[in-house]
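Numbering that gives the first Met the number 0 applies: residue 0 is where the sequence shown begins, and numbers increase by one. Backbone N, C-alpha and C fix where the C-beta goes; we use that ideal spot for every residue, glycine too. For reference, the structure discussed in these notes is given below.
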Amino acid sequence: MSTMSSPTTEQGATRMRSDERRALVLEAATRVFGERGYHGATTDAVAREAGVSQPYVVRMFGGKEAMFLAVLDRAIDRILGAFEADIVALEAEGRAGDEDAVSACLGRSYVDLLGDRGLLLSLMQAFMLGSEPVVGRHAREGFRRVYAYLRERVGLDPDAAQDFLSRGMLLNTVVGLRMVDDYESDENVHELLDELLPTKIDVLLALRGDAT
Numbered sequence: 000m001s002t003m004s005s006p007t008t009e010q011g012a013t014r015m016r017s018d019e020r021r022a023l024v025l026e027a028a029t030r031v032f033g034e035r036g037y038h039g040a041t042t043d044a045v046a047r048e049a050g051v052s053q054p055y056v057v058r059m060f061g062g063k064e065a066m067f068l069a070v071l072d073r074a075i076d077r078i079l080g081a082f083e084a085d086i087v088a089l090e091a092e093g094r095a096g097d098e099d100a101v102s103a104c105l106g107r108s109y110v111d112l113l114g115d116r117g118l119l120l121s122l123m124q125a126f127m128l129g130s131e132p133v134v135g136r137h138a139r140e141g142f143r144r145v146y147a148y149l150r151e152r153v154g155l156d157p158d159a160a161q162d163f164l165s166r167g168m169l170l171n172t173v174v175g176l177r178m179v180d181d182y183e184s185d186e187n188v189h190e191l192l193d194e195l196l197p198t199k200i201d202v203l204l205a206l207r208g209d210a211t
């Protein structure tokens, strides 16, 4: 993680545009929430990861809960942005009506989001907080946005949309459990991950020894 911020770091952050500063801190917050969970994360830890001061983070978001909601929004926006890019490309190729091609393409993009450290695990943290009045409501809305996108924009039928979401949640689960650490030593884990990611197993294997 980054060390405590220095005056030079703070001055550099000040010279950034406000949206760039916010993006930098949100990326750091995504990593911290993904690694430590909602209850284990602190604004101080996010500040250290971002290389800025803790008061700077608090001024920007107001507190941990608001920052986590912003992390959740960023995650959903990243997912839907990746999906939209795929759909536009498939439309240009005349393949947007091929449900198998669409699902496969969106699935590959979802796996590629593992490269955004902490993003998928932050989503899992949010989905486990359904009983929290504010976070739970926000998480439900995020999940609803993804389902609505799959149904209305992508055109998947209810069964296909549910299957797609279930595979995504399975991926989140194996990442959260760090199943990849047992890929070489356990034949059942090897089989599960190969079946889940037949063309993208290298992306998952790259996470070994990393906190994603």
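### Query
Hey, would you say Tyr182 sits closer than 8 Å to Leu170, going by beta carbons?
On the sequence shown, position 183 is the one that residue 182 refers to. On the sequence shown, position 171 is the one that residue 170 refers to. In this structure, Leu170 does not lie closer than 8 Å to Tyr182 by Cβ.
### Task
Please list the segments of the alpha helix (DSSP H) lying wholly inside the segment 106-157, counting only runs of 4 or more residues, in order along the chain.
You should have 118-126 and 132-147.
### Reference Leu79; option with closest CA among Leu195, Gly141, Val24 and Gly33
If you number the sequence shown from 1, residue 79 lands on position 80. Nearest of Leu195, Gly141, Val24 and Gly33 to Leu79, Cα basis: Gly141.
#### Entry: Chain-order list of residues whose beta-carbon lies under 8 Å from that of Phe163 (same chain, five-residue window excluded)
By one-based count along the sequence shown, residue 163 stands at place 164. Here Phe163 has Ser102, Leu105, Gly106, Leu149 and Leu155 as same chain residues with Cβ atoms under 8 Å from its own Cβ, once five neighbours each way along the sequence are excluded.
### Task
For Thr2, count neighbouring Cβ atoms within 10 angstroms of its own Cβ and tell me buried if that reaches 16, exposed if not.
To locate residue 2, count along the sequence shown from 1; it is residue 3. For Thr2, the predicted model reports a pLDDT of 43, less than 50, meaning its position is unreliable; a value from the coordinates is still stated below. Its Cβ having fewer than 16 others within 10 Å, Thr2 is exposed.
### Message
Rounded to whole angstroms, what is the Cα-Cα separation between Ser4 and Ala44?
### Response
Your numbering for residue 4 matches position 5 in the sequence shown. Your numbering for residue 44 matches position 45 in the sequence shown. With a pLDDT of only 46 at Ser4, under 50, the local geometry of the prediction cannot be trusted, and the value read off the model is given with reservation. Rounded to whole angstroms, Ser4 to Ala44 spans 12 Å at the Cα level.
### Task
Would you mind reading off the limits of the alpha helix (DSSP H) that contains Thr29?
As a first step, residue 29 must be located in the sequence shown, where it is residue number 30. That run of the alpha helix (DSSP H) goes Ser17 to Gly39.
### Query
Is the number of C-beta pairs between the segment 21-32 and the segment 40-56 that are closer than 8 Å three or more?
Yes, they touch.
### Task
Can you say whether Asp18 is buried or exposed, counting buried as having 16 or more other CB atoms within 10 angstroms of its CB?
Within the sequence shown, numbered from 1, the residue matching residue 18 stands at position 19. The residue in question, Asp18, is exposed, as its Cβ has fewer than 16 Cβ neighbours within 10 Å.
### Query
How would you call Ala138, buried or exposed, if buried means at least 16 neighbouring beta carbons within 10 angstroms?
What you label residue 138 is simply residue 139 of the sequence shown in a count that begins at 1. By the neighbour-count rule (16 or more Cβ atoms within 10 Å), Ala138 is buried.
### Task
Please list, in chain order, all residues of the same chain as Val202 whose beta carbon is under 6 Å from its beta carbon, the five residues on each side excluded.
Position 203 of the sequence shown holds residue 202. Contacts found: Val110 and Leu113.
### Task
Give me the Cα-Cα distance between Ala91 and Glu151, rounded to the nearest whole angstrom.
Translated into the one-based positions of the sequence shown, residue 91 becomes position 92. Translated into the one-based positions of the sequence shown, residue 151 becomes position 152. Cα to Cα, the separation comes out at about 19 Å.
### Query
Where Phe60 and Gly167 are concerned, what is the direct C-alpha to C-alpha distance, given to the nearest angstrom?
Counted from its first residue, the sequence shown places residue 60 at position 61. Counted from its first residue, the sequence shown places residue 167 at position 168. Distance between the alpha carbons of Phe60 and Gly167: 29 Å.
### Alpha-carbon to alpha-carbon, Thr198 and Val222
In the structure displayed, the chain extends from 0 to 211; residue 222 sits before or after that span and is not available.
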